[in-house]
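Residue numbers (the numbering used here): 1 to 506. These notes concern the structure reproduced below.
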Amino acid sequence: MFPFFKKKPAFPQQKTAGEKNEDVKLEDLLKQCKLSSDFTSYRYSQSSPYYIHYYKTLVDVNVLHKHILPYLTEGQSNTSLFELKEVLPIDNTEIIGNVLKIQERLMCGYVAVQCETNLNEVLLLSAVTVEKRAVSLPEVEYSVVEPKEAFVESLDANLNLIRKRLPIPELVAEEMRAGRLSKTRIAVLYIKGIANEDNIQTVVQRIKDIDYDSILDSSMIAQIISDNNNSPFPQMIDTERPDRVAGVLSEGKITVLVDGSPHALTGPTTLVEFFSAFEDYFLSWPIASIFRLVRLFAVFFSVVSTAMYVGVLTYHYEMIPQNLLNPLVASRSGVPFPPILEAIILELTIELLREAGARLPTKIGQTIGIVGGIVIGTAAVQAGLTSNVLLIIVALAALASFTTPVYQMGNVIRLIRFPFIFSAQFFGLIGIAFCFAYFLGHLLKLSSLGRPYLAPVYPLRLKDLKDSIFRLPMNMQNKRPLQMRSPAPDRFQPKVHKKVKRDIEE
Numbered sequence: 001m002f003p004f005f006k007k008k009p010a011f012p013q014q015k016t017a018g019e020k021n022e023d024v025k026l027e028d029l030l031k032q033c034k035l036s037s038d039f040t041s042y043r044y045s046q047s048s049p050y051y052i053h054y055y056k057t058l059v060d061v062n063v064l065h066k067h068i069l070p071y072l073t074e075g076q077s078n079t080s081l082f083e084l085k086e087v088l089p090i091d092n093t094e095i096i097g098n099v100l101k102i103q104e105r106l107m108c109g110y111v112a113v114q115c116e117t118n119l120n121e122v123l124l125l126s127a128v129t130v131e132k133r134a135v136s137l138p139e140v141e142y143s144v145v146e147p148k149e150a151f152v153e154s155l156d157a158n159l160n161l162i163r164k165r166l167p168i169p170e171l172v173a174e175e176m177r178a179g180r181l182s183k184t185r186i187a188v189l190y191i192k193g194i195a196n197e198d199n200i201q202t203v204v205q206r207i208k209d210i211d212y213d214s215i216l217d218s219s220m221i222a223q224i225i226s227d228n229n230n231s232p233f234p235q236m237i238d239t240e241r242p243d244r245v246a247g248v249l250s251e252g253k254i255t256v257l258v259d260g261s262p263h264a265l266t267g268p269t270t271l272v273e274f275f276s277a278f279e280d281y282f283l284s285w286p287i288a289s290i291f292r293l294v295r296l297f298a299v300f301f302s303v304v305s306t307a308m309y310v311g312v313l314t315y316h317y318e319m320i321p322q323n324l325l326n327p328l329v330a331s332r333s334g335v336p337f338p339p340i341l342e343a344i345i346l347e348l349t350i351e352l353l354r355e356a357g358a359r360l361p362t363k364i365g366q367t368i369g370i371v372g373g374i375v376i377g378t379a380a381v382q383a384g385l386t387s388n389v390l391l392i393i394v395a396l397a398a399l400a401s402f403t404t405p406v407y408q409m410g411n412v413i414r415l416i417r418f419p420f421i422f423s424a425q426f427f428g429l430i431g432i433a434f435c436f437a438y439f440l441g442h443l444l445k446l447s448s449l450g451r452p453y454l455a456p457v458y459p460l461r462l463k464d465l466k467d468s469i470f471r472l473p474m475n476m477q478n479k480r481p482l483q484m485r486s487p488a489p490d491r492f493q494p495k496v497h498k499k500v501k502r503d504i505e506e
């Protein structure tokens, strides 16, 4: 089920040069590093017993010149690395002789100091420099009333954004590395005492079992550790908002952060959560509930609207009201294609415009999407390639697909429209029902980190329905989702809450 895990590797395991022989000598490692132009290795001075080795692209030059090199000059009388370690004003220092650990530290931005009295050990000094962009506005999950902070590519900065919102010692971050070549830092976050231990062990073990050469983004982790890699439906939520991560952590969920990725993965998750924007919690519960229902209706309309058009016009003319039949016949009187081909042409045109707008620069992409849609749609109707009615339906379906708050689920909605269209062409409305039954059966079998994907609808959990298809007031959501199997299911005591509210009113 998990082809990238060590138990079932996708291809024969290949080791890097540093992993082939654990008994490799230090001089061989330095010789290999010197092949790179950004590696610096020299003797500090002719009278100095120290040799310095580091990658200049990974080292902070200010730390090197202010806190390391001056003490090498003052300590030239020292003849051992232990004496030098005592005088250096740097915290993260260690003397080791393991070549593999030395290689790992050098590639992370450490400076290795070698003494001629003992060439088999080095003093490793932390002088790491990190290039990162400043915290900016969220682009994918932008909202009006939510906080305006988004994750960046730095793992440490992302941890800071989360801990700022959850300043508790129970928030645990387990760090590990994945990727034989990339050695990517990965952090698994959870709240001790709230998160279920089985969920924690599931995520940690799956990440440790990853057998892949290069992990560059959190989306790769999501594909590898998902329960079903062949499903088009995402089984973990990909978010760029630290406030959303803080919210799901308090529910007992697990979060995965990857160094170099401005997105976080959260799970276990359910299908309903992909249609719930975190902005809903900043609005009053009636408005938030209406918005959720609108999104669900929009997704249903986007999936079946074009398929219904094809199925009705191909097999079920008798279902069309008389007042609507005449405009439909008039609009299709000059169209030389059957409904299925007409629908495919328009759907592919919409997808081409969407992809072109996404790949071009922002200002040009917006212009291409708006102007291209108007020009091409008008020209297609005037040329008799499609009808006015289908153009309106396809445009509304494309617009409805954009209401999905999570980008990954929006892509799924775009994809599954086509099986419904082809099913309607071959079997009419019965084909749409069969296609719907197939996807429903797939969703019933699907799970997220071992938890049911359709919860709380199936299995039915009435208490969790308070924050699913609609959202009830905050004072009624005193329990964490049963889906999480949290050892601390209570979020607050409703009786105490009501008493405090009554005292305030009095």
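Every residue gets a Cβ at the ideal spot worked out from N, C-alpha and C, and that includes glycine. If you're wondering where the values come from, they're calculated on a predicted model, not measured in any experiment.
Is the CB-CB distance between Ser-37 and His-53 below 8 Å?
no
So, for Phe-402: in the same chain, excluding its five sequence neighbours on each side, which residues have a beta-carbon less than 6 Å away from its beta-carbon?
none
Who are Arg-185's beta bridge partners in DSSP?
Arg-177
Continuous beta strand (DSSP E) stretch holding Gly-267: start and end:
264-267
In this structure, what does DSSP give as the bridge partners for Arg-471?
Asp-467
Under the three-state DSSP convention, the category Phe-39 falls into
strand
For Asp-490, collect the residues of the same chain with a Cβ closer than 8 Å to its Cβ; drop the 5 residues on either side in sequence, then sort them by chain order.
Asn-478, Lys-479, Arg-480
Within 10 angstroms of its Cβ, does Lys-253 collect 16 or more other Cβ (buried), or is it exposed?
buried
In whole angstroms, what separates the C-alpha of Asn-21 from that of Ile-102?
Annotation note: pLDDT 45 at Asn-21 (below 50); position unreliable, no value reported.
For Tyr-317, which of helix, strand or coil comes out of DSSP?
DSSP places Tyr-317 in helix when its eight states are reduced to three.
On the three-state DSSP scale, how would you describe Asp-238?
strand
Which residues share a DSSP beta bridge with Ala-490?
At residue 490 the sequence reads Asp, which differs from the Ala that was named. DSSP lists Lys-479 as partners of Asp-490.
At what residue ranges does the stretch 326-381 contain a whole run of the beta strand (DSSP E), taking only runs of 3 or more?
Entirely contained in the stretch 326-381, not one beta strand (DSSP E) run reaches 3 residues.
Bridge partners for Leu-125 per DSSP, in chain order?
Thr-93, Val-111
For the alpha helix (DSSP H) containing Tyr-212, name the first residue and the last one.
DSSP places Tyr-212 in no alpha helix (DSSP H); its state is neither H nor E.
Pick from Ala-187, Gly-410, Gly-450 that is closest to Glu-175, judged by C-alpha positions
Ala-187
Leaving out the 5 sequence neighbours to the left and right, which residues in its chain are closer than 7 Å to Pro-338 when beta-carbon positions are compared?
Within the same chain, Pro-338 has no close Cβ partners at all.
Can you tell me whether Val-140 is helix, strand or coil according to DSSP?
coil
Among Ala-277, Ser-214, Asp-60, the one whose alpha carbon lies nearest that of Val-130:
For the residues Ala-277, Ser-214, Asp-60, the minimum Cα distance to Val-130 belongs to Asp-60.
Exposed or buried, which one is Asn-230 when buried takes at least 16 other CB atoms within 10 Å?
Its Cβ having fewer than 16 others within 10 Å, Asn-230 is exposed.
For Lys-208, does the three-state DSSP call read helix, strand or coil?
helix
Can you tell me where the beta strand (DSSP E) with Leu-390 in it begins and where it stops?
Careful: Leu-390 lies outside any beta strand (DSSP E), inside the alpha helix (DSSP H) at 388-401.
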